[in-house]
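Step one of this worksheet: look at the structure below.
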Amino acid sequence: MKFEELLADAREREITRKEALFLFEEANDWVKISQLLSTASYVRDKNVGRLFKLKAFILSTNKGCRTNPPCRYCGQSSEKAKFFTKVATPEEVAESAKIAEEIGFKGVQCGGGCSGNKGAEAVEDTRIVKLATNLDVFVNYGADMSDENIQKLKELGVGGIGCSFETINEEIFKKIKPGDSLEERKKVAQMIDKHGVGLASGIMINIGESYQDRVDHIFYLKNFEKLKLIYISGFFPIPGTPLENHPPATSIDIAKTMAITRLVHRNIDLDGAFGRDDQLQLWIMAGTNHRIIHGIFEPKNKIFPHKFRGEVQEIGEDFVFVNVLPIYVNMIEETGLKTDIRGA
Amino acid sequence: MGFDDVLKNAEENEITKEEALYLFKETGRYDKALKLFEIASRVRDDEIGNEFKLDGFIGLITHCTVDPPCRYCWNSSTINRSGFGIESVLAIDEIVEGARLIEETGISMVELGGGTTVGSSGEKVIKAVKAVKKATNLSIWINVGPALSESTLRELKRLGVAEVCSSFEVNPLNERLFKEVKPGDDLDARKKLAEMINDVGLGYASVLMCGLGESYENRVDHMFYLKQFENFKYFLITWFHPVPRTPMANYPLTSPLEAAKTAAIGRLIFRDIDIHISGYEHIPLWIMAGVNRVVHAGASVHRVRNGAGARWHTIGAEVKHINDRLNFVNLLPTTVKFITGAGMEVEPEIERRWINEV
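The following block contains the structure:
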């Protein structure tokens, strides 16, 4: 198998498992990485166009994550960096949705942790947003979702439901997510798919998995007929967690994984994950076409360390809207793509 | 002039001012950026090889008295945690201990950095260099602004200092912009320092900051201004990040792609010198753009930062508290992986100590 010939073929057709593994193993210098990214971008342009979708992550009534023990990479397993510090009121959720709609967004994500309420907050948040606005809603509350609530979300017209595995290597899953169940997550993803609702799912890299694991994961997601979005997240050590000394994923490894995912999943939306958005332009070069902007609505006490800053507007006593949209638009347009905040 | 033709020619030949400007203007799409990067990386590999250098950093060795401070700098923030005040200057024994720790990591070059102490001839700098040279075998470069006399530069040369920096940040030919963003600074003093560094035969280093309001023409003029110095050895690119509660707090953040484009075009102009872009998280992108050396991505010694966000600057690093007020931050476990993952090598001693650790 020759690297350049394979990339030439990949411009026109989906790559196989064997080829995906070959690309992971071979794209290990700047020349080949650059060729891989160019091909992935070409495939993105050809199949989903030169529009880059932006959605806003709005506030949620989610009660936080009760996974016990918490995932070992997550801020929830640190005393210093807990993610869920405030729960928004229904009024605050509605206000955040209205602000998102006013500045031009067509789609928003409501999300949070596995609170144990089986998606009740997802239904509640979606109702609030739909009542207050004409926005499209995508929800992501982990695997904490019942069949009944998926049906309710479908009836409310939700555009997609998230259910991420992070890894499908069972051993690694247990190691990094000891309070979670891969089997349960697979069942929830299947339920979402069975209901005919769009599925969004994430792959986390640099958590001890092999390239073969990544390939298996990318191809496992081919089983879902309604797969709408894949997001690639790179492990990021959070101080105070059991994995605080594990090295972060490199930006190039994230980009390679995105590019190879694009050569397999050619027509769906492809995204990164929060915390590394200053790498957005590299992600665009790697074939992504979608970003959910986290940090645009935040608890007040979380806004200061952000790399991205913008005009701040208060929402109730505890939350703020930080208008970072111009930063995203600038980054996207510098790569020659058009920003799409109105699309589905 | 066609984009592909300019790049083809650039593989073998230094580009002209017109071509540099053309490349800035034409590289408005990711696919063209990737083509530009490919040629810049090829030129880097052909001209200086495939080894990526990681500088250590010790600072501050001098404090900043520029008044009013530069409008983009932490020193002009109303938040009372300036990083460039006298309280951040290290004592000689702290500098020595820091240098020893840095040398133990396998790093061979260290920046001794500080603010511009206006009117100083650089006595503190000489003391710091002598102390580091006595305690270690580290190579040294100096970055303290225009606060060095000609005799100090001669002494630094005698002491074996490799490079000294005189930064402009913005195009030195655009006096209006310089005054606007650096109202308390002295452009002529910086130009004079650059000439003196060059004339005494020290390596000359200089910083261009992207995103301070300059045009592409300004960036090209800036680079060709630096090109006149025969001893210009180290081109450092930084990119504007708004600092809260400064006069430029609401000025837009510059993107990494702009910085990478600037480095790549710089590589096609300067060919065989060292080129840096700040921001270790982006090293793989920098490598794709022709960069071969980065400071603040190896090991650093500086005052403990208490400000919000300090925690995030050390993600992936080993942090050691030398004393209550002094930190040793070693990013090599992370950055070596970033570099080798993008297909470049690190210096042999760094490789020996860290390659099996990552």
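As given, the protein sequences belong to chains C and H, one line each in that order.
Everything in the first sequence is counted per my numbering, starting at 688 for the first residue and increasing by one.
Everything in the second sequence is counted per my numbering, starting at 25 for the first residue and increasing by one.
No residue lacks a Cβ here, since even glycine has one placed at the ideal position from N, Cα and C.
Computed from a predicted structure; not experimentally measured.
Discussion item. What does the alpha-carbon distance come out to for the pair L412 of chain H and S851 of chain C?
Written reply: This structure cannot speak to residue 412 of chain H, because chain H is shown only from 25 to 382.
Item to complete: Determine whether the Cβ of P1013 of chain C lies closer than 8 Å to any Cβ atom of chain H.
Response: By 1-based counting over the first sequence, the position of residue 1013 of chain C is 326. Chain H, which has a Cβ nearer than 8 Å to the Cβ of P1013 of chain C, makes this yes.
Worksheet item: How many angstroms separate the CA atom of Y228 of chain H from the CA atom of F294 of chain H?
Response: What you label residue 228 of chain H is simply residue 204 of the second sequence in a count that begins at 1. What you label residue 294 of chain H is simply residue 270 of the second sequence in a count that begins at 1. Near 13 Å, if we compare the C-alpha coordinates of F294 of chain H and Y228 of chain H.
Worksheet item: Do E193 of chain H and L387 of chain H come within 8 Å of each other at the CB atom, strictly closer than that value?
Response: Residue 387 of chain H lies beyond the residue range present for chain H, which begins at 25 and ends at 382; the question has no answer from this structure.
Fill in: Cβ of I311 of chain H within 8 Å of any chain C Cβ
Counting from one through the second sequence, the residue named residue 311 of chain H turns up at place 287. Output row for I311 of chain H: interface = yes.
Worksheet item: chain C beta carbons: is any one of them nearer than 8 Å to that of I339 of chain H?
Response: The sequence position of residue 339 of chain H within the second sequence is 315, counting from 1. True, the Cβ-Cβ gap to chain C drops below 8 Å.
Practice prompt. Work out the CA separation of Y46 of chain H and A418 of chain H for me, nearest whole Å.
Written response: Lying before the first or after the last residue shown, residue 418 of chain H is absent from chain H, which here runs from 25 to 382.
Worksheet item: Between the C-alpha atoms of Y907 of chain C and V824 of chain C, what's the straight-line distance to the nearest angstrom?
Response: As a first step, residue 907 of chain C is located in the first sequence; it is residue number 220 there, counting from the start. As a first step, residue 824 of chain C is located in the first sequence; it is residue number 137 there, counting from the start. Y907 of chain C and V824 of chain C: Cα-Cα distance of roughly 26 Å.
Worksheet entry | alpha helix (DSSP H) runs wholly inside the stretch 197-257 of chain H, at least 4 long, in chain order | 199-205, 211-224 and 240-251
Worksheet entry | Under 7 Å (Cβ pairs) to chain C, residues found in the stretch 355-373 of chain H | P357, T358, K361, F362, G365, A366 and G367
Practice prompt. Determine the extent of the beta strand (DSSP E) in which M25 of chain H is found, giving its start and end residues.
Written response: Within the second sequence, numbered from 1, the residue matching residue 25 of chain H stands at position 1. From DSSP, M25 of chain H is part of no beta strand (DSSP E); its letter is neither H nor E.
Worksheet item: For G52 of chain H, which residues in chain C fall below 8 Å Cβ to Cβ?
Response: In the second sequence, counting from the first residue as 1, residue 52 of chain H sits at position 28. Within 8 Å Cβ-Cβ: E1021 and G1023.
Item to complete: Tell me, to the nearest whole angstrom, how far the beta carbon of I919 of chain C is from that of T948 of chain C; I am working on the premise that it is less than 8 Å.
Response: The sequence position of residue 919 of chain C within the first sequence is 232, counting from 1. The sequence position of residue 948 of chain C within the first sequence is 261, counting from 1. Confirmed, Cβ separation roughly 6 Å.
Worksheet entry | Simplified DSSP assignment, three categories, for E265 of chain H | Within the second sequence, the letter at position 241 stands for residue 265 of chain H. A small correction: the amino acid at residue 265 of chain H is His; Glu does not occupy that position in the sequence shown. It is coil, neither helix nor strand.
Item to complete: Can you tell me the Cβ-Cβ gap for A323 of chain H and V370 of chain H, rounded? I've got them flagged as a contact below 8 Å.
Response: Here residue 323 of chain H refers to the residue found at position 299 of the second sequence. Here residue 370 of chain H refers to the residue found at position 346 of the second sequence. The pair is not a contact, with the Cβ atoms about 13 Å apart (cut-off 8 Å).
Worksheet item: When you compare each of H:K154, H:T160 and H:S191 to M233 of chain H by their alpha carbons, which one comes out closest?
Response: Taking the second sequence and counting its residues from 1, the one referred to as residue 233 of chain H is at position 209. Residue H:S191 is the option with its Cα nearest to M233 of chain H.
Worksheet item: Out of C:G921, C:D964 and C:K805, which has the shortest C-alpha to C-alpha gap to T754 of chain C?
Response: In the first sequence, counting from the first residue as 1, residue 754 of chain C sits at position 67. Checking every option, the nearest Cα to that of T754 of chain C belongs to C:K805.
Worksheet entry | Given Y249 of chain H as reference, the closest of H:L309, H:F81, H:L60 and H:T40 once Cα atoms are compared | Against the second sequence, residue 249 of chain H aligns to sequence position 225. The shortest C-alpha separation from Y249 of chain H is found at H:T40.
Discussion item. Could you check whether the Cβ of I103 of chain H sits closer than 7 Å to any heavy atom belonging to the ligand ZN?
Written reply: As for the ligand ZN, it is missing from this structure, which has no ligand bound.
Worksheet item: CB-CB under 7 Å to I110 of chain H, same chain, minus the five flanking residues each way: which ones, in chain order?
Response: The residue given as residue 110 of chain H occupies position 86 in the second sequence. Cβ neighbours of I110 of chain H beyond the five flanking positions: H87.
Fill in: Secondary structure of F984 of chain C, DSSP reduced to three states
For the purposes of this step, residue 984 of chain C is taken as the residue at position 297 of the first sequence. F984 of chain C: strand per DSSP, three-state reduction.
Fill in: Neighbour-count burial assignment, R700 of chain C, 16 or more Cβ in a 10 Å radius
In the first sequence, residue 700 of chain C corresponds to position 13, counting from 1. By the 10 Å Cβ count, R700 of chain C comes out exposed.
Worksheet entry | Within-8 Å CB hit, P271 of chain H to chain C | Position 247 of the second sequence, counted from the start, is the residue given in the question as residue 271 of chain H. Not closer than 8 Å to any Cβ of chain C, the Cβ of P271 of chain H fails to qualify, so no.
Item to complete: Using a Cβ-Cβ cut-off of 8 Å, state whether R1029 of chain C counts as contacting chain H.
Response: One-based indexing of the first sequence puts residue 1029 of chain C at position 342. No, its Cβ sits nowhere closer than 8 Å to a Cβ of chain H.
Item to complete: Give the DSSP-derived three-state secondary structure of G314 of chain H in the structure shown.
Response: The residue labelled residue 314 of chain H in the question sits at position 290 within the second sequence. It is coil, neither helix nor strand.
Worksheet item: Excluding sequence positions up to five away, which residues of its chain have a Cβ less than 6 Å from the Cβ of F995 of chain C?
Response: Numbered from 1 along the first sequence, position 308 holds the residue referred to as residue 995 of chain C. The residues are V1011 and I1014.
Worksheet item: In the DSSP assignment, what residue or residues form a beta bridge with H882 of chain C?
Response: By one-based count along the first sequence, residue 882 of chain C stands at place 195. In DSSP, H882 of chain C forms no bridge with anything.
Discussion item. So, with DSSP's three-state summary, where would you put D834 of chain C?
Written reply: Start at 1 with the first residue of the first sequence, and residue 834 of chain C comes out as number 147. Here D834 of chain C sits in helix by DSSP.
Fill in: Beta-carbon proximity check, N827 of chain C vs A807 of chain C, cutoff 8 Å
The residue you call residue 827 of chain C lines up with position 140 of the first sequence. The residue you call residue 807 of chain C lines up with position 120 of the first sequence. No, the Cβ-Cβ distance between N827 of chain C and A807 of chain C is not below 8 Å.
Item to complete: Compare the C-beta of N1010 of chain C against all C-beta atoms of chain H and say whether one is closer than 8 Å.
Response: Residue mapping note: residue 1010 of chain C aligns to position 323 of the first sequence, counting from 1. Output row for N1010 of chain C: interface = no.
Practice prompt. Would you grab the beta carbon distance between G921 of chain C and I892 of chain C for me? Rounded to a whole angstrom, and I think it's under 8 Å.
Written response: In the first sequence, the residue the question calls residue 921 of chain C occupies position 234. In the first sequence, the residue the question calls residue 892 of chain C occupies position 205. Confirmed, about 6 Å.
Item to complete: Identify whether A332 of chain H lies in helix, strand or coil by the three-state DSSP scheme.
Response: Translated into the one-based positions of the second sequence, residue 332 of chain H becomes position 308. Because the pLDDT of A332 of chain H is 38, which lies under 50, any placement of that residue in the model is unreliable, and the number read from its coordinates should be weighed accordingly. Here A332 of chain H sits in coil by DSSP.
Fill in: Buried/exposed call for Q763 of chain C, threshold 16 Cβ in 10 Å
On the first sequence, position 76 is the one that residue 763 of chain C refers to. Result: buried.
Discussion item. When you compare the CB of Q877 of chain C with every CB in chain H, is at least one pair closer than 8 Å?
Written reply: Here the question's residue 877 of chain C lines up with position 190 in the first sequence. No, its Cβ sits nowhere closer than 8 Å to a Cβ of chain H.
Worksheet item: Roughly how many angstroms lie between the CA atoms of V360 of chain H and G791 of chain C, to the nearest whole one?
Response: Along the second sequence, read from residue 1 onward, the residue named residue 360 of chain H stands at position 336. Along the first sequence, read from residue 1 onward, the residue named residue 791 of chain C stands at position 104. Distance between the alpha carbons of V360 of chain H and G791 of chain C is about 42 Å.
Worksheet entry | Interface residues of the stretch 969-988 of chain C facing chain H [CB-CB below 7 Å] | L969, I971 and M972
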